[in-house]
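Asks: Handing you a structure now.
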Amino acid sequence: MSIQLQYNDNYSEVYGDTYINKMNYLVKAITEYKTGEDHFNVFNFEAGLGKSYTVDRLLKYINNDYEEWDNIIEAKYLIVKRFNEESIKSAKFTKHEFNPNSLAITHENWREWMNKLDDLKHQKIIFISHQRYISLCENEEFRRAITAGRDTLIIDEKVMFPVYTYNDKRYSKMFEILPNGLREILIEVCRPLNEFIELQKTLKHTNKVLSMKFKVKKEILSNYNSEMELALNNSTIRGTDNRRWFLKDFLRDINLLYTNQSIYNGGNISTYNPLHKHWGLENNLILDASGGIDGVYLSNPEKFNLINQTRIVEHGESEFNIINFNSSKSNIEAHDQYYFKEIASKIAANKELSDKVLIVGNKDSSKRIREELLGLKVDKNEIWVDKEDKDNDPDYDNQPYAISWYGNLIGKNWASDFTQVWLVSTPNIPLEQYLVHYLHYSDEQIGNKSTQIYKGRFKNFYFKSIQEGYIAAEMYQSLKRIQRVAIPKGKFFIVNADENITNSVLSQMKNSNNRKEIELDFVKALEQERERKKSENKKPDQVDKFLDYILVQDRGTYKKSDISKQLSITKLNRVLSDSRVKTLLNKRYKIHTRSIEVI
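Heads up: the sequence shown runs through residues 2 to 600, numbered per my numbering.
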């Protein structure tokens with residue numbers, strides 16, 4: 002007998018059986034399907050539909066109704082949430098009334114459970130964060146303990162495995178941290194990396210993406226490792242904990258760079274940890290709203306079975322405004338003196354008194370947006386900037402303006418009742434990182450696949466799918482932070498010049514047809530100024546110059562040599578053979594061997 006949850010919410014009222022059947026299909030996939038340990042069913046239920054809440058409801062139902070569901074009570078679950086706060090919230094919601102067998106493992110209680118790993122098997126439901134899931138890739142003992150007797154794994158949202166990057170900036174910082182006696186060791190171990198970066202700069206390979214495998218002598222790497230470990234153990238590195246953490250990270254990164262495939266672009270050399278792969282149980286689900294447009298799953302169809310879900314939420318009463326401007330970080334920086342001022346002005350001008358506005362960009366732009374809003378006399382108490390320090394910064398507290406950044410919103414619902422959202426930049430990441438994500442998900446090496454770039458995009462289909470899919474997925478997830486209701490009535494503003502990306506994003510929002518285009522005034526003004534200067538600097542066409550001269554002359558004969566000299570025309574015969582000149586031949590003038598006769 003299958004479990005059928007009952008629904009009495011806004012979505013079920015509006016969409017009826019279409020919604021109910023969709024959610025109960027998810028219930029069935031959790032309770033009845035078996036994928037096998039190395040396979041994952043990826044469900045792209047649209048953002049805001051309540052898939053996470055449905056999972057929590059199901060687990061609470063199973064955890065509390067022993068008598069009715071004896072046939073499945075032996076099942077145990079591991080749920081991977083994006084953040085610890087979500088894990089804690091879900092654990093509280095799903096726990097049994099009398100037997101607390103639903104547990105959230107966080108950084109606060111991890112050490113406690115490390116000392117009693119055998120007790121984890123008594124927990125029917127365990128919640129962990131994405132970060133914990135990644136760390137368990139590297140620790141088989143703890144992974145076995147946390148998965149023992151467990152048969153169902155549910156990962157909420159896409160897992161972003163870390164990328165490890167080396168560049169001049171990180172090298173210089175490490176050089177500064179180390180005492181003089183250790184700097185020569187650093188120079189030696191980093192020499193192959195630094196020489197490669199310098200070579201690419203000399204060759205002006207600023208936009209090339211190159212797949213590399215770096216080598217260094219074993220004794221050099223071994224000496225570096227032992228000296229750094231010794232320095233950490235005997236407190237040679239003095240100062241803040243941040244300096245010691247940086248040294249530990251750098252030590253790890255150097256070893257990964259000399260062990261694994263690396264990708265170079267624009268002064269960055271990035272690599273990955275091959276242990277960072279999806280691991281599973283008997284039944285594995287990934288719930289990723291943007292799974293249908295994110296190319297990572299396409300790179301490994303044997304492992305990831307994408308089960309596409311039709312969109313049901315109607316967006317016909319919402320308004321979509323497209324601002325056609327290249328909102329990459331570099332282009333925004335190039336127009337810094339104009340861009341933020343006008344965007345902030347448009348945000349303020351479009352806000353009605355009752356509106357709550359979410360502004361999403363890159364983290365670096367959050368302060369500028371706030372400054373410009375303050376310059377427009379918006380009260381500082383009406384603007385909330387998302388938390389950089391999650392333990393000490395204030396939570397959102399009903400301010401009419403909220404500023405956040407990509408990568409910090411997925412899985413969070415504090416903006417669900419907002420009426421407007423502005424995407425003021427494009428969530429690009431360094432080019433080489435897209436290929437590292439390919440390494441994470443594909444279980445393959447780059448090999449001889451082309452890493453060539455054309456107009457900022459990879460030529461290779463899979464790499465391009467990951468690149469464009471990453472951008473579109475981040476934008477879609479950010480747009481859907483607001484109006485998480487059955488019939489959204491919001492205003493969505495997207496600053497982006499790539500039509501393919503915009504169409505991909507809006508394809509995920511049913512009936513998003515009410516679209517308008519907005520021009521930026523400064524873009525129009527700059528274009529007009531360019532045209533004016535172009536017109537001023539344009540040299541007169543020699544044919545035009547000749548016609549302007551000859552058509553105002555009195556009747557008579559004029560020497561070709563005099564005309565050439567006066568008009569600075571070096572090849573008059575070529576001018577005279579032009580079709581525009583021939584049109585008036587024998588009507589206004591005649592051309593002779595050495596002269597031109599005006600008639």
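Ideal Cβ positions, reconstructed from N, Cα and C, are used throughout, including at glycine.
#1: Mind pulling the alpha helix (DSSP H) runs of 4 or more residues that sit fully within the segment 13-67?
#2: Which residues in the same chain as residue 106 place their Cβ atom closer than 8 angstroms to its Cβ, once the five residues preceding and following it in sequence are excluded?
#3: What would DSSP say about residue 70, mapped onto helix, strand or coil?
#4: Among the residues of its own chain, which have a CB less than 6 angstroms from the CB of residue 575, if the five just before and after it don't count?
#5: Does the segment 251-271 come close enough to the segment 196-210 to have 3 or more Cβ pairs within less than 8 angstroms?
#6: Taking residue 55 as the reference, which of 417, 20, 507 has the closest Cα?
#7: Given 8 angstroms as the limit, is there contact between the segment 75-83 and the segment 144-159, that is, 3 or more CB pairs closer than that?
#8: Whose C-beta lies closer than 7 angstroms to the C-beta of residue 238 among residues of the same chain, with five residues either side of it excluded?
#9: Could you work out which residue in 363, 343, 389, 257 is closest to residue 377 when comparing CA atoms only?
#10: Express the C-alpha separation of residue 441 and residue 496 in angstroms, rounding to a whole number.
#11: Can you check whether the CB of residue 485 is closer than 8 angstroms to the CB of residue 1?
#12: For residue 455 and residue 7, I'd like the C-alpha separation in whole angstroms.
#13: Using 8 angstroms as the cut-off, can you tell me whether the segment 318-330 makes contact with the segment 180-192, which would need three or more C-beta pairs spanning the two stretches below that distance?
#14: Within 10 angstroms of its Cβ, does residue 311 collect 16 or more other Cβ (buried), or is it exposed?
#15: Do you know whose CA, among 285, 208, 165, lies nearest residue 273's CA?
#16: Out of 556, 356, 208, 35, point me to the one whose CA is closest to residue 282's CA.
#17: Could you pull out every residue in the same chain whose Cβ sits closer than 6 angstroms to the Cβ of residue 481, ignoring the five residues on either side in sequence?
#18: Given that a residue counts as buried once 16 or more other Cβ atoms are within 10 Å of its Cβ, and exposed if not, what is residue 297?
#19: Check this for me: beta carbons of residue 426 and residue 333, under 8 angstroms apart or not?
#20: Per DSSP, what are the beta-bridge partners of residue 485 in this structure?
#21: Taking C-alpha atoms, which residue in 572, 206, 317, 149 lies nearest to residue 491?
#22: Can residue 439 and residue 463 be called in contact, C-beta distance under 8 angstroms?
#23: Who are residue 157's beta bridge partners in DSSP?
#24: Please confirm whether residue 1 and residue 53 have their CB atoms less than 8 angstroms apart.
#25: Going by the DSSP bridge assignment, what does residue 362 pair with across the sheet?
#26: Within this structure, are the beta carbons of residue 226 and residue 187 separated by less than 8 angstroms?
#27: Where in the segment 166-234 do unbroken runs of the beta strand (DSSP E), each at least 3 residues long, occur, reported from the N-terminal end onward?
#28: Would residue 596 pass as an interface residue toward chain D - the criterion being a Cβ-Cβ separation below 8 angstroms?
#29: Are residue 467 and residue 300 touching if we call contact CB-CB under 8 angstroms?
#30: Ignore the nearest five residues each way along the sequence and tell me which others in residue 168's own chain have a CB closer than 8 angstroms to its CB.
#31: Could you tell me the alpha carbon to alpha carbon distance between residue 600 and residue 560, rounded to whole angstroms?
Replies: The relevant details are as follows:
#1: 52-65
#2: 88, 114, 127, 128, 129, 133, 147
#3: Reliability fails at residue 70, whose pLDDT of 49 lies under 50, so the model's placement of it is uncertain and the value that follows must be treated cautiously. Coil, per DSSP.
#4: none
#5: yes
#6: 20
#7: yes
#8: 178, 232, 244, 245, 248
#9: 343
#10: 30 angstroms
#11: Any question about residue 1 goes unanswered here, given that the chain covers just 2 to 600.
#12: 51 angstroms
#13: no
#14: exposed
#15: 165
#16: 35
#17: 48, 49
#18: buried
#19: yes
#20: Per DSSP, none; premise fails for residue 485.
#21: 317
#22: yes
#23: 288
#24: Given a span of 2 to 600 for the chain in the structure shown, any question on residue 1 remains unanswerable.
#25: 406
#26: no
#27: 210-213
#28: The chain inventory of the structure shown lacks chain D, comprising one protein chain alone.
#29: yes
#30: 198, 268, 269, 270
#31: 15 angstroms
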